[in-house]
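Going by full-length UniProt numbering, the letters in the sequence shown line up with residues 1 to 121, in that order. Cβ atoms here follow ideal geometry from the backbone N, Cα and C, with glycine treated the same way. These figures come from a predicted structure and were not determined experimentally. Some notes on the structure that comes next.
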Amino acid sequence: MSEKKAPKIVKNRIENSTEQQNKEKEDYKEKPIVKESPDGKKKEEEEELKKKIELTKKAGEIAKKIKDAIRPKIKVGVKAIDIIKEIENMIFDLEAKPAFPINICVNNIAAHYTSPIKDEM
């Protein structure tokens, strides 16, 4: 009869996992987004990608500002069209442009409600 060996216990599995994740984050920061080629096209692609990332971040910041500013103005009895106009004005005041018509959620309409011009809702 052979003896059974005790199972090997992995010490600090969570700690090791966190260390690995931190190392991967650092590795990612050091690597260029796109590898450079001799003709410089890859460098241009990387710059374009960085620009898109910055614009996306800016859009997120604008969205957050508007959501925070509009929240206290949403009350019972306020028309949807008035809220939509206010949001559009805020977007333009922040020197941005809406990519599509403003959509809001109203009562039983879960999403994507765009108020017509003479809407009474």
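Worksheet item: Taking contact to mean at least 3 C-beta pairs separated by less than 8 Å, is the segment 88-107 in contact with the segment 55-67?
Response: The segment 88-107 makes contact with the segment 55-67: 3 or more CB pairs, one atom from each, lie closer than 8 Å.
Item to complete: With DSSP as the reference, please indicate the residues paired to Ile109 in a beta bridge.
Response: Per DSSP, Val106.
Worksheet item: Do Ile117 and Ile81 have their C-beta atoms within less than 9 Å of each other?
Response: Yes, the Cβ-Cβ distance between Ile117 and Ile81 is below 9 Å.
Discussion item. Can you tell me where the alpha helix (DSSP H) holding Asp82 begins and where it ends?
Written reply: Unbroken alpha helix (DSSP H) run through Asp82: Ala80 to Asp93.
Item to complete: In the DSSP assignment, find the alpha helix (DSSP H) that holds Asp68 and state where it starts and stops.
Response: Asp68: member of the alpha helix (DSSP H) spanning Lys41 to Ile70, first to last residue.
Practice prompt. Below 8 Å on the Cβ atoms is my guess for Ile66 versus Ile91; work out the distance and round it to an integer in Å.
Written response: Contact between Ile66 and Ile91 holds: CB atoms are separated by about 7 Å, below the 8 Å threshold.
Worksheet item: DSSP three-state call for Glu26: helix, strand or coil?
Response: DSSP, reduced to helix, strand and coil, places Glu26 within a helical segment of the structure shown.
Worksheet entry | Helix, strand or coil at Lys73 [DSSP, three-state] | Helix at Lys73.
Worksheet item: Taking Glu120 as the reference, which of Glu54, Glu47, Glu46 and Ile84 has the closest Cα?
Response: The candidate whose alpha carbon is nearest that of Glu120 is Ile84.
Worksheet item: What residues in its chain sit with their C-beta under 6 Å from that of Thr114, if we drop five residues either side in the sequence?
Response: These residues qualify, in order along the chain: Pro101 and Asn103.
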